[in-house]
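Below is one structure, written out as C-alpha cells, with a few remarks after it.
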Amino acid sequence: MNQARSNPLNKAAMHGALILYTLIALFPVFVILINSFKTRKAIFREPLALPGADTFSMIGYQTVMKQGDFFLYFQNSMIVTVVSLTFILLFGAMAAFALSEYRFKGNLVMGLYLALGIMIPIRIGTVAILEMMVATGLVNTLTALILVYTAQGLPLAVFILSEFMRQVSDDLKNAGRIDGLSEYTIFFRLVLPLVRPAMATVAVFNMIPIWNDLWFPLILAPAEETKTLTLGSQVFIGQFVTDWNAVLSALSMAILPVLILYVIFSRQLIRGITSGAVK
Amino acid sequence: MSKPRFRWHILAFLAPAVFVYTAVMIFPLFNTLRLALYSKIDQERVFVGLENFYTLLGNPIWADQFWNALGNNFWFFLIHMVVQNPIGIALAAILSHPRLRFAAFYRSAIFIPTILSFVIVGFAWKLILSPIWGIAPSMLDAVGLKSLFAPWLGKEEYALTTLALVSVWQFVGIPMMLIYAALLSIPEEILEAGEIDGITGTSAFWKIKLPLILPSIGIISILTFVGNFNAFDLIYTSQGALAGPNFSTDILGTFMYRTFFGFQLQLGDPYMGSAIASAMFAIILVGVCIYLFGIQTRMRRYQL
C-alpha cells in the first residue's frame, strides 16, 4: 500500500502515545494489586516496588476474611446479576420479537414507550421506588434489586434485540408456520438461537453496570444479608480507613472478579460495541 | 369482512417486559414527580402544589445548595466534554490506523478502568493522591515537579476538578470504543479518493474522518450529559454524602441523596428529594430534547 499512511516516525509516535495512555489506565490498578500483598511497612516505604520475599504479607486478606463476609456479598452480587440478566434477556427478547415480527395497532407507540427508558435514568424515580418497595415489603431483599435492574435494562435490550430480529429471515419463520409450529415454538426454537450473538452483547452491556451499582444497593438493600460486593466493599473500606493492608486487599478482591469476567468477555464486549449495536 | 381474531401471543410476548418496565420504572418516575407536590405536615401527607419548588429556589438555605450543586454539575460535565471526549477521539483515531500492531491489546487495556466500580476507582485514587502514602508527590518529585503537589481532594478549589478528571480516567474507554467503531465503518474508498487528491495523515482526519463521525460525537455528548447529571457514586465513595470539603464537590446526585435519605443530623425528606429529582428530570429532558431536535436533526449525515 501507499507510503503516506505508514511513515515509521509516525508509527513510533502512535505507539508512544498508546503506551503512555495504557500506563495511565493500568497504573492505579497495578499499584493497588501489588501493595495488597505487602507488609504495612513496605506499603509506605516502597509503594512502587513489587512484593519481595521479606515484604510479602497476606495480613490484609486475613483481616478482610475475618471481618467482612465477602463470600456472602459475592454470592449476593452473583445472584442479582445473573437473575436480572436472565429476565432482561428473556423478557427483552420476547418484547423485541413481538415488536419486530407482528404488525398490530400501537406497535410504533409501544416501541417508543419502551425506548423512553434508554435516555431517562431510573434513578430519578428512586423516591417512589423506595416507597413502593417499603409498601410491598421488598426492602432489604435481593428481589427489589432484581426488579429494578430488570426494568433498567429492558429498554436498551428491546431496542438492540429488535434491530437484530428484523434481520432473521421471514422464509424460515413462514416455513415453520406451514409446518404447524406455534408462534411460541417459532420464537423459542427458531428465532432465539439465531440472535444469540446479540443476546450476548446485551448481556455484557448490562452485566457491568449491574455488578458495579452502588446507588440501589445502598438505598434498597443495605442490610448485612443482602449487601452486594460493591456496597460491601464500600462499607468495609469506610470502616477500615486506617488499616491500609485491609483496604488494599478489599479493593483487590473487588477488582479481581470483574477483571476475570472482563478477560473472559472482552472479545464479546468489544465486538458488540464495534459492530454498531449502539448506533 | 370478519374481524381478525385477537392474537393472544402478541400480548403474551409483550406483557412481562411492559409490566416490569411500567411498574418499576415509568410509574415510580411519574410518582416521584407527583410526590414533589406534597409535603409532610403534622405526620400527614398534604398536597402543597409548587411549595417545594419555591423552597428549593427561594429559600436561601436550599437555593444556595441547589445552585452550588447545579453549577458543580455543569463544571463536572464541561471537564468531561473538553478532556474525556477529545482524548477518546484521539485514541480511537490512532487505534483505527490500519495495520497497527497490538491494537487489540491497547484497546482492551485502556478499557479496563471503565469496567471497575466507582468504589474501586474512588478509593484507589484517594489512596494514590493521598499525601500520607506519597505516591503522587514522589512521582512528581521524580520529574522535578514536586512543588506542584497539593492534597487535591482536600482543597476546596481543586477537589471537584480532580474528581472530574478521575471520572474522565475511568470513562475514556466509552468514547474511544464508540468513535473507534465509527471510524472503522468509513469505507476505504473514501480515504483512498482523498489520498489521490493529496489529503493524507492528519489532514485526512480533520477533513474527511471527523465530519463523518460527527453523529457519533453527538451521541457521546448526550450520553456524557445524561451520565454526568445523574452521577453520584464516585463523589459518594471518595468524599462521602457531605461532598466535602465544604460541599465543593456536591452535585445533584449527592444533593438528592442527602435530602431524601438524610445524613447525620438532617432528617430525610422524601418530598424535597422528589422536588430535586424532578429538577434533575427536567434538566436531563431539556438536554435530550436539545440533542434530538436541535443537534441530531440538523447534523449533516453522509450516506456511506
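Protein chains in written order, with our numbering: chain A, 109 to 387; chain B, 6 to 309.
From the three backbone atoms N, C-alpha and C, an ideal C-beta is built for every residue, glycine too.
S44 (chain B) sits in a strand when the DSSP states are folded into three classes.
Interface with chain A (9 angstroms Cβ-Cβ cutoff): M30 (chain B) is included.
Taking a contact to require three or more Cβ pairs closer than 8 angstroms, the segment 16–30 of chain B and the segment 217–232 of chain A qualify as touching. Distance check between V355 (chain A) and each of A:L255, A:L328, A:I142, A:G214 places A:I142 closest, using alpha-carbon atoms only. Residues of the segment 116–131 of chain B with a C-beta atom less than 7 angstroms from some C-beta of chain A are I117, P118, I120, L121, S122, F123, V124, I125, F128, A129, W130, listed in chain order. Non-local C-beta neighbours of L61 (chain B) in its own chain, meaning closer than 8 angstroms and more than five positions away in sequence, comprise W67, A68, F71, M277, A280, I281, A284, ordered along the chain.
Judged by DSSP in its simplified three-state form, Q244 (chain B) adopts helix. Taking all protein chains shown into account, K146 (chain A) has 16 or more neighbouring C-beta atoms within 10 Å of its C-beta and is therefore buried. Counted as a single uninterrupted DSSP element, the alpha helix (DSSP H) harbouring V171 (chain B) occupies residues 161–176. Residue pairing by DSSP puts K146 (chain A) in a beta bridge opposite A:F164. For A206 (chain A), a Cβ of chain B is located within less than 9 angstroms of the residue's own Cβ. Under the Cβ criterion of 9 angstroms, G206 (chain B) is counted among the residues facing chain A.
When Cβ-Cβ separations below 9 angstroms define contact, A114 (chain B) makes contact with chain A. What F199 (chain A) touches in chain B, judged by beta-carbon distance under 8 angstroms, is P21, A22, V25, going in chain order.
The beta carbon of Q301 (chain B) sits closer than 8 angstroms to the beta carbons of P220, G223 from its chain, once the five residues preceding and following it are set aside; these are given in chain order.
With fewer than three CB-CB distances shorter than 8 angstroms, the segment 256–276 of chain B does not count as touching the segment 188–199 of chain B. Put simply, of B:S226, B:F230, B:F18, B:L228 the residue whose alpha carbon is nearest the alpha carbon of N215 (chain A) is B:F18. Interface annotation, T147 (chain A): not in contact with chain B, CB-CB separation never under 9 angstroms.
Taking the beta carbon of F164 (chain A) as reference, no residue of chain B falls within 7 angstroms; the closest one sits roughly 19 angstroms away. Here E154 (chain A) carries a coil assignment [DSSP, helix/strand/coil].
If you draw a straight line from the Cα of E239 (chain A) to the Cα of V191 (chain A), it is about 23 angstroms long.
Chain-order list of chain A residues neighbouring P136 (chain B): empty, with the shortest C-beta distance near 12 angstroms, by a criterion of under 9 angstroms.
Closest option to V53 (chain B), judged by alpha-carbon separation, among B:A41, B:G63, B:D47: B:A41.
Within the segment 6–76 of chain B, the runs of beta strand (DSSP E) at least 3 residues long that lie entirely inside it are, in chain order, 43–46, 49–52.
Here the alpha carbon of M307 (chain A) sits roughly 32 angstroms from the alpha carbon of G258 (chain B).
For the pair Y129 (chain A) and I84 (chain B), the CB atoms are not nearer than the 9 angstroms cut-off. In the DSSP assignment, F268 (chain B) forms a beta bridge with B:Q271. Counting along the chain, M86 (chain B) sits inside no alpha helix (DSSP H), nor does DSSP assign it H or E at all.
When the Cα atoms are used, N233 (chain B) and L75 (chain B) turn out to be separated by approximately 11 angstroms. B:L228 is the residue among B:P250, B:F268, B:L228 whose C-alpha sits nearest the C-alpha of L297 (chain B). V366 (chain A) places its beta carbon 9 angstroms or farther from that of N314 (chain A). CA-to-CA, the gap between F212 (chain A) and S290 (chain A) works out to about 18 angstroms.
Between the alpha carbons of I151 (chain A) and W157 (chain B) lies a gap of roughly 21 angstroms. Of the residues A:T249, A:I196, A:A157, the one whose Cα lies closest to the Cα of P325 (chain A) is A:T249. Interface annotation for the segment 300–318 of chain A against chain B: I316, criterion Cβ-Cβ distance under 8 angstroms.
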